[in-house]
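Asks: Have a look at this one.
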Amino acid sequence: MQHSAPPLFRQGVPALLKLIVCLSISIALMLIDFRYKALDPIRNNVNLIMRPLEHAMLFPRNAHEAISEYFTTRGTLDKENQEMKGRQAELSLLANQSELLLVENQNLRQLMDLQNHLSYKTLPVEILFNPPNPISQRIVINRGSNDGLKLGNPIANDSGILGQVVRIYDRSAEVSLLEDRNFAVPVQVARNGLRAAVFGAGRGNPLELRYLPVASDLEVGDILITSGIDGIYPPGFAVAVISRIERSADKNSSNVFCVPVSPVNRYRQALALLYDPQWDAKPPTITTTPGVNATNTPGRRQTRSRGMQ
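If you count by the working numbering, then the sequence shown holds residues 34 to 342, one letter each, in order.
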């Protein structure tokens, strides 16, 4: 089936003339519109009528783009949120480590200061862990016989005595703490020189001063220092503070309870005192100040003068 040309554009001279006239009219209209904006009102009205249809036609595309952008933005935000939470955890961990390092640095400075005031050899040690034994109160340190450590060597920090080496290996050792049951340290009262022995009573229990008569010159708050008469602990180190006294006149005895001056759970660094009484024993320096009788101990640096110089 063939389609014939419209009557206006049929072949021949009249058809060509009609085409020229139409093109001339079209060009004239375009020039008039370009020059005088004559067709703008018509164009605006048509655009106003067609705009709702345009929005309706573009709605599926706009909805698809909006949904895609929402899920993309949500996924990006979730990912960034997870990254920020991880970064926050890392920064919190770094802050805790920084605080721990600051505390350890302060403790090491105190131990170095203590070393400078001792006349005998010391060995820096680090607490590794507590053995899982609910009965005994012991710790494991990172020094052993290969480092010159011996059985019976005292372990101390800048506050006072922590305990004593009771089992030794090549590169580690077990230290029995003051609270260990039946662990004893010969002590004397810093205020008046009264000698006694302080005993451990088990984990979580206060230390005890045993075998003292009821008339003993003891007061709550008295500081107990090592007497040095056992040849194991150097004299002048703080051990405990009397916290409670129960006197029984009928039995002519006193129950004296003490608390250690050196908390073992606070720091990981300490000093092993390589003390040999045959060469290192010296009498502690005792000085008096107006109104106060004070004996210095390496573990107590408040109103007491320095001993063991």
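Ideal placement from N, C-alpha and C gives every residue a C-beta, glycine not left out.
Tell me whether residue 170 sits in a helix, a strand or coil according to DSSP, three-state version.
Replies: coil
Asks: Among all the DSSP beta bridges, which residues are the ones paired with residue 162?
Replies: 173
Asks: Where does residue 249 fall in DSSP's three states?
Replies: coil
Asks: At what residues does the beta strand (DSSP E) containing residue 293 begin and finish?
Replies: Here the beta strand (DSSP E) through residue 293 covers 286-293.
Asks: Which residues in the same chain as residue 163 place their Cβ atom closer than 8 Å to its Cβ, once the five residues preceding and following it in sequence are excluded?
Replies: 171, 172 and 173
Asks: How is the beta strand (DSSP E) around residue 219 delimited, first residue to last?
Replies: 217-222
Asks: Using the three-state DSSP reduction, which class does residue 82 fall into: helix, strand or coil?
Replies: helix
Asks: CA-CA distance, residue 89 and residue 103?
Replies: 21 Å
Asks: Just verifying my parser: in three-state terms, what is the DSSP assignment at residue 212?
Replies: Coil.
Asks: I'd like the span of the beta strand (DSSP E) that includes residue 187, first residue to last.
Replies: 187-189
Asks: When burial is assigned at 16 or more other CB atoms within 10 Å of the CB, is residue 300 buried or exposed?
Replies: Around the Cβ of residue 300, a 10 Å sphere holds 16 or more other Cβ atoms; the residue is buried.
Asks: Distance, Cα to Cα, residue 343 vs residue 275?
Replies: Lying before the first or after the last residue shown, residue 343 is absent from the chain, which here runs from 34 to 342.
Asks: When you compare the CB positions of residue 187 and residue 306, do they come within less than 9 Å of one another, or not?
Replies: yes
Asks: Let me know the secondary structure DSSP gives residue 48 once reduced to three states.
Replies: helix
Asks: Would you check if the distance between the CB atom of residue 202 and the CB atom of residue 169 is smaller than 9 Å?
Replies: no
Asks: Please look up how many angstroms separate the CB atoms of residue 243 and residue 212, rounded, as I've assumed it's under 8 Å.
Replies: The Cβ separation is near 15 Å, so there is no contact.
Asks: Consult DSSP for residue 59 and reduce its assignment to one of helix, strand or coil.
Replies: In the structure shown, residue 59 falls within a helical segment according to DSSP collapsed to helix, strand and coil.
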